[in-house]
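First up is the structure itself, then whatever we jot down about it.
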Amino acid sequence: MLKNELEKRFFPYVIKPGRYAGGEPGTVIKDHSGKTLYCHAFPDKYEIGQSYLGLQSIYHIVNSDDRFVCERTFAVDIDAEEILRKENLPLFSLETCKDVKEFDAVGFTLSYEMVFTTLLNMLDLSGIPIRSKDRDDNHPIIMAGGPAAYNPEPMADFVDIFFIG
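Residue numbering for the sequence shown follows this note's numbering, starting at 533 and increasing by one per position.
See below:
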């Protein structure tokens, strides 16, 4: 199980494990059985993403519907990325330590253009092919929205669905 591997090979070695551990007040843990699994990905550090009202709103709205599960992941810092790559561990969700590539859909908040490359790195860390054309039905649908999604063209080769507005 990924959670056990992370507890042995990841959490003891990162500088700020609280960024990746989850379990904060307000965290929603739901049974995954028969539900559409959505991972909300914020392509910036936990401290920035978790304070973003849009992320909190989407998280609670999606989780209020019994047909869906919404979990979160954030961009990892340099020390954590090095460990994930060295230990061949995937990017994971905070709630259940689920491998991001095992979700049905992954949605990114594009708050500004500088996070575009971080989105690509998060796909790579997840083991999800970066280009849409290289993905198939076994991969999650990649979605993006937010203030910097107003011009989708720079990310059109990498994102399957954009939410503009």
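From the three backbone atoms N, C-alpha and C, an ideal C-beta is built for every residue, glycine too.
Everything numeric in this text was worked out from a predicted model, so none of it was measured.
Quiz prompt | Met646 vs Leu623 beta-carbon contact at 9 angstroms | solution = Position 114 of the sequence shown, counted from the first residue, corresponds to residue 646. Position 91 of the sequence shown, counted from the first residue, corresponds to residue 623. Not in contact: Met646 and Leu623 (Cβ atoms no closer than 9 angstroms).
Quiz item: With 16 as the cutoff for other CB atoms within 10 Å, does Ile660 come out buried or exposed?
Solution: Locating residue 660 in the sequence shown gives position 128, where the first residue counts as 1. Buried is the call here.
Quiz prompt | Nearest neighbour of Leu626, chosen from Tyr591, Thr649, Glu614 and Thr641 [CA to CA] | solution = On the sequence shown, residue 626 is found 94 positions in, with the first residue counted as 1. Closest option to Leu626, Cα to Cα, is Tyr591.
Practice problem: Compare the beta carbon distance of Arg551 and Glu619 with 9 angstroms and say whether it is the shorter of the two. | Solution: Translated into the one-based positions of the sequence shown, residue 551 becomes position 19. Translated into the one-based positions of the sequence shown, residue 619 becomes position 87. The answer is no: Cβ separation not under 9 angstroms.
Quiz item: So is Glu603 buried or exposed if we call it buried at 16+ other beta carbons inside 10 Å?
Solution: For the purposes of this step, residue 603 is taken as the residue at position 71 of the sequence shown. Glu603 comes out buried.
Practice problem: Could you say which of Glu685, Ala688, Gly678 and Phe694 lies nearest to Leu587 if we only look at CA atoms? | Solution: Translated into positions along the sequence shown, residue 587 becomes position 55. It is Gly678 whose Cα lies nearest to the Cα of Leu587.
Practice problem: In angstroms with no decimal places, state the Cα-to-Cα distance between Asp689 and Lys665. | Solution: Numbered from 1 along the sequence shown, position 157 holds the residue referred to as residue 689. Numbered from 1 along the sequence shown, position 133 holds the residue referred to as residue 665. For Asp689 and Lys665, the distance between alpha carbons rounds to 8 angstroms.
Exercise. Report the rounded CA-to-CA distance for Thr668 versus Glu614, giving the unit in angstroms.
Key: Start at 1 with the first residue of the sequence shown, and residue 668 comes out as number 136. Start at 1 with the first residue of the sequence shown, and residue 614 comes out as number 82. The amino acid occupying residue 668 in the given sequence is Asp; Thr does not appear at that position. When rounded, the distance between both Cα atoms is 28 angstroms.
Quiz item: Is it true that the CB of Ala680 sits closer than 9 angstroms to the CB of His639?
Solution: On the sequence shown, position 107 is the one that residue 639 refers to. On the sequence shown, position 148 is the one that residue 680 refers to. Going by the sequence as given, residue 639 is Gly instead of His. The answer is no: Cβ separation not under 9 angstroms.
Exercise. Look at the alpha carbon of Lys633 and the alpha carbon of Lys562, and state the distance between them as a whole number of angstroms.
Key: Mapped onto the sequence shown, residue 633 falls at position 101. Mapped onto the sequence shown, residue 562 falls at position 30. If I take the Cα positions, the gap works out to 18 angstroms.
Quiz item: Any idea which residues DSSP pairs Leu603 with across the strands?
Solution: Counted from its first residue, the sequence shown places residue 603 at position 71. According to the sequence as given, residue 603 is Glu; it is not Leu. For Glu603, which the question treats as bridged, DSSP gives the partners Cys571.
Self-check item: Residue range of the unbroken alpha helix (DSSP H) whose run includes Val594
Solution: In the sequence shown, residue 594 corresponds to position 62, counting from 1. Per DSSP, Val594 belongs to the alpha helix (DSSP H) from Leu585 to Asn595.
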